[in-house]
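Visitor: In the numbering used here, the protein residues as written are -2 to 280.
Here you go, one structure.
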Amino acid sequence: MCAKKMNMSIINELSEYISLRMSSYSEQAHDPGWIEHKSHPDYDLWFIQSGSVKITIDGFEYTAVPGDVVFFYPDMPYIASTTGDVCRFLYIHFDFGIGEQQRILGEFQLPGIVAGDLIREEATLFTKAYRRLKQSSGTSGNQLYLKASLLVVMAKILELHGQGAYAGKFLNGRKPRKTEGSLDVLQDVFQYVDANLQRTIRMNELAAIAGVSEKYFISYFKKTVGITPGQYISQIKMNRARDYLYEKKYTIQQIAGFLGYPDPFTFSKAFKKYYNVPPSKFE
């Protein structure tokens, strides 16, 4: 599996740990002649409503038209300007992380313009959520609706990226700046865990695969992924346990064996602690 697909797989596997924090959002309208030189400390999405925007980054020019979604990374300098008519867009600043790693998207080449025909349904959902929020004077329930719609947009962008249907162009072949480490270093570790769930996996094994000391490995893994290696292994096992139960083809004892638990009781105890229901009653 290539590194890009593997990284996408990790995002999916750890969806329970994903955090999304919105910091600000608004709608702007700019007359012909508007120009802005800026960068932002967090992730920034623009939803183009009308008119068009020319965006210049590192000397390269791009144009976003109605329906497009523009994605900026933190601390990415840009110049934006209107191309003729009045331009109107919604924007939202946010952080997107896993566990303690609040900038996990630094692993992906996402900054750029997502064409409207690729993300129309999700962008429309976000726009409706924003209008609903503004019409209700920002009530808490509609804040949650906006956050949920933003998560849908991000899920779509990540899906398009994983499929190769969208490649952010703002970086022009440069790797995005990462805050801590790189998931690429851990690709062999992720594959090893997935292939050895049927037995106890020790930290010194994983450290040896990564080619570092056990102490450094545990620290690096947490800084990079946002959770500890032990939490990661437990999450993968619970994901697989859920999938096996949905198939309705295996006994509790068989599933316990598949996932390296010494007996059905130990597996059932771990499963109930995570899902708040024993595997025998999971639906």
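A virtual CB, placed ideally from N, CA and C, is assigned to each residue, including glycine.
The model shown is predicted, which means the values in this text are computed figures rather than measured ones.
Does the Cβ-Cβ distance between Phe187 and Ile8 come in under 8 Å?
Guide: no
Visitor: Taking 8 Å as the threshold (C-beta atoms), are Asp39 and Asp92 in contact?
Guide: The criterion of a C-beta distance shorter than 8 Å is satisfied by Asp92 and Asp39.
Visitor: Please report the straight-line C-alpha distance between Ile15 and Gln99, rounded to a whole angstrom.
Guide: Their backbone Cα atoms lie some 9 Å apart in a straight line.
Visitor: Just checking, does the region 107 to 125 make contact with the region 234 to 250 on the three C-beta pairs under 8 Å criterion?
Guide: Under the three-pair Cβ rule at 8 Å, the region 107 to 125 does not count as touching the region 234 to 250.
Visitor: If you run the structure through DSSP and keep just helix, strand and coil, what is Ala120?
Guide: helix
Visitor: Asp41 to Leu180, Cα distance in whole Å?
Guide: Taking the straight line from one Cα to the other gives about 23 Å.
Visitor: So for Asp41, helix, strand or coil by DSSP?
Guide: strand
Visitor: At which residues does the alpha helix (DSSP H) containing Gln25 begin and terminate?
Guide: Unbroken run through Gln25 is the beta strand (DSSP E), 15 to 27; no alpha helix (DSSP H).
Visitor: Look at the alpha carbon of Lys266 and the alpha carbon of Glu97, and state the distance between them as a whole number of angstroms.
Guide: 27 Å
Visitor: Which of the three DSSP states, helix, strand or coil, is assigned to Thr60?
Guide: strand
Visitor: Could you tell me how far apart the beta carbons of Ser80 and Thr53 are, in whole angstroms, since I believe they sit closer than 8 Å?
Guide: One detail in the question is off: residue 80 reads as Thr in this sequence, not Ser. About 12 Å; that fails the 8 Å criterion.
Visitor: Since Lys53 is in the beta strand (DSSP E), which residue starts that stretch and which ends it?
Guide: At residue 53 the sequence reads Thr, which differs from the Lys that was named. For Thr53, the enclosing beta strand (DSSP E) has its first and last residue at 50 to 54.
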